[in-house]
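Undergrad: Numbering (our numbering), first residue to last: 17 to 163.
(1) Quick one: what does DSSP say residue 55 is sitting in, helix, strand or coil?
(2) Can you tell me whether DSSP reads residue 71 as helix, strand or coil?
(3) Hey, how far is the Cα of residue 146 from the Cα of residue 58?
(4) Skipping 5 residues on each side, what residues in its chain have a beta carbon closer than 7 Å to that of residue 166?
(5) Which one of 128, 120, 162, 155 has the shortest CA to CA distance from residue 135?
(6) Can you look up residue 127 in the DSSP assignment and give me helix, strand or coil?
(7) Can you look up residue 107 in the DSSP assignment and give me helix, strand or coil?
(8) Nearest-angstrom Cα distance between residue 105 and residue 126?
(9) Could you compute how far the alpha carbon of residue 70 sits from the alpha carbon of residue 116?
(10) Given that a residue counts as buried once 16 or more other Cβ atoms are within 10 Å of its Cβ, and exposed if not, what is residue 152?
(11) For residue 83, report the span of its beta strand (DSSP E) as first-last.
(12) State buried or exposed for residue 132, treating a residue as buried only when at least 16 other CB atoms are found within 10 Å of its CB.
(13) I need the DSSP call for residue 157, collapsed to helix, strand or coil.
(14) Compare the Cα-Cα distances from residue 129 to each of 119, 143, 158, 109 and report the closest residue.
(15) Beta-carbon separation of residue 97 and residue 122 under 8 Å?
(16) Among the candidates 77, 155, 89, whose CA atom is the shortest distance from the CA of residue 65?
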């Protein structure tokens with residue numbers, strides 16, 4: 017796997033890292049590479065970086081998955097996942113985590129029962145928190161269009 021990190025920092029703003037790896041990406045605080053403890057931590061990546069569901073005629077769209085991988089050093093703890101919803105509609109995502117060690121799989125199911133059709137998509141964000149990772153938590157934006 018090839019990866020790189022772009023580090024941007026300044027006196028007025030904290031450092032931010034944008035890391036890209038084949039098959040995934042992450043954004044988050046840049047680990048302090050001068051700190052030996054930070055260099056020895058797991059670093060998680062999420063793939064894909066966003067999810068989009070479409071439902072027509074009240075049909076439930078197929079479940080999708082997000083893979084949580086470790087591109088750092090050490091053992092990546094199992095992810096804790098939560099959904100935060102934007103707008104009126106709530107609780108339209110079902111989340112589950114599988115895998116005994118990284119890579120972990122988050123299965124995401126959009127639940128459309130009771131959701132009205134609308135011209136703009138329902139929006140949510142899945143927070144993925146792997147305790148001990150240098151860039152935790154990360155977020156996966158999700159949209160659901162109900163037609």
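We treat Cβ as the ideally placed atom computed from N, Cα and C, and that holds for glycine. Quantities reported herein were computed from a predicted structural model and do not represent experimental measurements.
TA: Result, derived from the coordinates:
(1) In the structure shown, the three-state DSSP call for residue 55 is helix.
(2) In the structure shown, residue 71 sits in a strand (DSSP, three-state: E or B).
(3) Going from the Cα of residue 146 to the Cα of residue 58 covers about 9 Å.
(4) Residue coverage of the chain in this structure runs from 17 to 163, which leaves residue 166 outside it and unanswerable.
(5) Ranked by Cα distance from residue 135, the first of 128, 120, 162, 155 is 162.
(6) Of the three classes helix, strand and coil, the one that applies to residue 127 here is coil, per DSSP.
(7) In the three-state reduction of the DSSP assignment, residue 107 falls in the coil class.
(8) The straight-line gap from Cα to Cα measures roughly 12 Å.
(9) Straight-line Cα distance between these residues: approximately 31 Å.
(10) Looking at its Cβ environment, which holds 16 or more other Cβ atoms inside 10 Å, residue 152 is buried.
(11) That run of the beta strand (DSSP E) goes 80 to 86.
(12) Using a 10 angstroms sphere on the CB of residue 132, the tally of other CB atoms stays under 16, which defines it as exposed.
(13) In the three-state reduction of the DSSP assignment, residue 157 falls in the strand class, which pools E and B.
(14) Comparing Cα positions, the closest option is 109.
(15) Yes, Cβ-Cβ distance for residue 97 and residue 122 is below 8 Å.
(16) Residue 155 is the option with its Cα nearest to residue 65.
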